[in-house]
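S.K.: Encoded as structure tokens, here's the structure I'll be asking about.
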Amino acid sequence: MIFSTLFLAPPSAWQIAIVVLVILLLFGGRKIPELMRGLGSGIKEFKDATKEEDPKKSNNDSENKNENPS
């Protein structure tokens with residue numbers, strides 16, 4: 069019963085602090101900024117790729133409508 073409530077409750081400040089401390093111990097202070105930089109550039113590339121797809125899709129839809137008037 070206690071086991072299920074521990075994992076369903078939102079994390080407290082102490083739990084978050086312990087997780088951050090463990091991450092710092094595992095990766096070190098120098099590696100974390102590199103990881104965050106890589107994560108940020110990956111997110112930026114993903115957003116750019118999704119923005120590029122939208123105009124192409126809308127242009128193809130309008131061309132298809134013009135070719136096949138019903």
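Under my numbering, the first residue of the sequence shown carries the number 69, and numbering increases by one thereafter.
Using N, Cα and C, we set each Cβ at its ideal position, and we do this for glycine too.
Since the structure is predicted, the reported quantities are computational estimates derived from the model, not experimental observations.
If you draw a straight line from the C-alpha of LEU89 to the C-alpha of ASP116, how long is it?
M.R.: In a straight line, the C-alpha of LEU89 is about 34 Å away from that of ASP116.
S.K.: State the Cα-Cα distance for the pair PHE95 and TRP82, rounded to the nearest angstrom.
M.R.: Each residue's Cα considered, the two are about 20 Å apart.
S.K.: Just to confirm, is the Cβ distance from LEU92 to ILE100 under 9 Å?
M.R.: Result yes, Cβ atoms of LEU92 and ILE100 sit closer than 9 Å.
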